[in-house]
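A.B. asks: My structure is below; once you've seen it, I'll send some questions.
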Amino acid sequence: MPALRQHSIEVILANQAPGGAFVACPTMPDYQYSWFRDGSYIAYALDLVGEHAAAHRFHEWAAGVIVVHRAAVTRAEACIAEGRPLDDAAILHTRYTIEGTVGADWWPNFQLDGIGTWLWAVGDHARRWAATHGARDPREDLPAGWREAIETAARYLAALWRVPNYDLWEENGNQRHAYTQAAVWGGLAAAAGLLDRPDLLDAANAVRAELLDVTDQIGHFTKFLPGSDSAPDSAPSGGVDGSLIGVALPHGAVPVGHPAFACTVALIERGLRAEGGGVHRFAGDEYYGGGEWILLTAWLGWYYAATGQRERAAELLAWIEAQADARGNLAEQAPQHLIHPETYQPWVGQRGPIAQPLLWSHAMYLLLCHALEETS
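Under the working numbering, think of the first position of the sequence shown as 1033, with each following residue one higher.
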């Protein structure tokens, strides 16, 4: 639907601050911040549709935030070396105000996946930016401030990847997560290439090796990894999460044809996709009743497009387009086929309607559109 594609671009650009930050959702107070995770996928989508300058401004903002808060990384490294627990001054936050400052309210800010995703995205952007500006090597055109931010972020991930932290849904802070590990792998691998640092590639490979060792135990990727605070020697959880598609796309911890990944996708299809509809986050989800998430549906469609299943990808694209409101705005989730319908109204009463427009949803829609165009 060309109109929704163009509207998605316009929604994203309209909600980019002059300094480069993207507001996650302009209508929900808790979401009027800029996340590394959301913003990285949004910037990647903008690069795919040719809006390179807007993507560049986001990465400029993100790099600046990391440099300003770099003392947290030094403190985190000291905490790990001395065996002390991390405190708020020892973490890079998952979200900041559009000015790059820490939010006034409490938030589950210790989320490593966002920093890993930014490193992957800035690496991809650097290659595209160099290609459009006549540089043969993206490292030649890397701004000095970005180099410091990339090095700082990589140090942070290399020091903390074994520590339990909140997942991309901002839950389960006492656990370790397969999606997060894949994002850390992708981020460290990208940083190793940008900085020409073999030691960072060694760190990335250690992260990936552990992820694959765990997966080999049961034949597919799982939502949780062993090593949580509550059960440090536990086996991995057999449950899946819709975000596990990110293990291969975009983070590349395994190729899309890897047997364990194919098994994971089959479990997502069987356990988390509503018949004829979209994709749920995970079994038992109670957030706004546990509806079908636009961005996860696009993620699954991305996998279908990447594996030559164009009809299935197009089916999900059509479903997403049908969820847009009269103005063309896409929400965070569609309150259909709810897992726990009894929790929907309490969430509405507590926080208001479901976030809409959600920029990450629009970005993933654009990503799916591009994937289908690339495979046509």
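We treat Cβ as the ideally placed atom computed from N, Cα and C, and that holds for glycine.
Source: prediction; values computed, not measured.
Select from GLU1405, LEU1232, VAL1043 and ALA1214 the residue whose C-alpha is nearest the C-alpha of THR1254.
C.D. replies: With distances taken between Cα atoms, THR1254 lies closest to ALA1214.
A.B. asks: Can you tell me which of LEU1404, LEU1036 and LEU1391 puts its alpha carbon nearest to the alpha carbon of ILE1044?
C.D. replies: Taking only the C-alpha atoms, the option nearest ILE1044 is LEU1391.
A.B. asks: Would you say the region 1134-1151 touches the region 1057-1072, given that touching needs at least three Cβ pairs under 8 Å?
C.D. replies: Counting Cβ pairs under 8 Å, three or more are found: they touch.
A.B. asks: What three-state label does DSSP hand ARG1482 in the structure shown?
C.D. replies: Because the chain here runs from 1033 to 1408, residue 1482 falls outside it and cannot be looked at.
A.B. asks: Between the Cα of VAL1286 and the Cα atoms of ALA1241, GLY1316, GLY1309 and ALA1330, which residue gives the shortest distance?
C.D. replies: With distances taken between Cα atoms, VAL1286 lies closest to ALA1241.
A.B. asks: Can you tell me whether PRO1050 is buried or exposed? The criterion is at least 16 other CB atoms within 10 Å of its CB, across all chains shown.
C.D. replies: Exposed.
A.B. asks: Considering ALA991, what are the terminal residues of the alpha helix (DSSP H) in which it resides?
C.D. replies: The structure shown does not extend to residue 991, since the chain is modelled only from 1033 to 1408, so the question has no answer here.
A.B. asks: Does the pairing of the region 1227-1244 with the region 1157-1167 give three or more beta-carbon distances under 8 Å?
C.D. replies: Flag = no, the region 1227-1244 and the region 1157-1167 do not touch.
A.B. asks: What are the start and end residues of the alpha helix (DSSP H) that includes CYS1401?
C.D. replies: Residues 1391-1406.
A.B. asks: With a Cβ-Cβ cutoff of 7 Å, do ASN1361 and PRO1385 count as a contact?
C.D. replies: The answer is no: Cβ separation not under 7 Å.
A.B. asks: Could you check what DSSP says for TYR1065 in three-state terms: helix, strand or coil?
C.D. replies: Reduced to three states, the DSSP call for TYR1065 is coil.
A.B. asks: Relative to the alpha-carbon of GLU1324, which residue among ILE1300, ARG1342, GLU1343 and PRO1140 has its alpha-carbon at the smallest distance?
C.D. replies: Nearest C-alpha to GLU1324: ILE1300.
A.B. asks: Kindly give me the distance between the Cβ atoms of LEU1124 and ALA1104, rounded to whole angstroms, as I take these residues to be in contact under 8 Å.
C.D. replies: Contact flag correct, Cβ pair sits at about 6 Å.
A.B. asks: Suppose you measure from the CA of ASP1265 to the CA of LEU1243; what does that come to, to the nearest Å?
C.D. replies: Confidence in ASP1265 is poor, its pLDDT being 45 and thus under 50, which makes the residue's placement unreliable; the coordinate value appears in the next sentence. Computed Cα separation, rounded: 15 Å.
A.B. asks: Using the DSSP secondary-structure output, state which residues sit across from TRP1325 in a beta bridge.
C.D. replies: TRP1325 is bridged to VAL1311 and GLN1365.
A.B. asks: For ARG1187, which residues in the same chain have their Cβ closer than 6 Å to its Cβ, ignoring the five residues on either side in sequence?
C.D. replies: VAL1105, listed in sequence order.
A.B. asks: In angstroms, rounded to a whole number, what distance separates the CA positions of THR1329 and GLN1355?
C.D. replies: Those two C-alpha atoms are separated by around 11 Å.
A.B. asks: Can you check which of these residues, PRO1196, VAL1081 and LEU1174, is closest to ASP1228 by C-alpha distance?
C.D. replies: When each option's Cα is compared against that of ASP1228, the closest is LEU1174.
A.B. asks: Only counting the same chain, and skipping five residues up and downstream in sequence, which positions put a Cβ closer than 7 Å to that of VAL1239?
C.D. replies: If we look at VAL1239 and ignore the five residues flanking it on each side, its Cβ neighbours are TRP1193, GLN1213, VAL1216, TRP1217 and LEU1220.
A.B. asks: Please tell me whether ALA1077 and LEU1399 are closer than 7 Å, where the distance is taken between their beta carbons.
C.D. replies: Yes.
A.B. asks: With respect to the alpha helix (DSSP H) encompassing TYR1188, which residues constitute its N-terminal and C-terminal limits?
C.D. replies: Start and end: 1176-1192.
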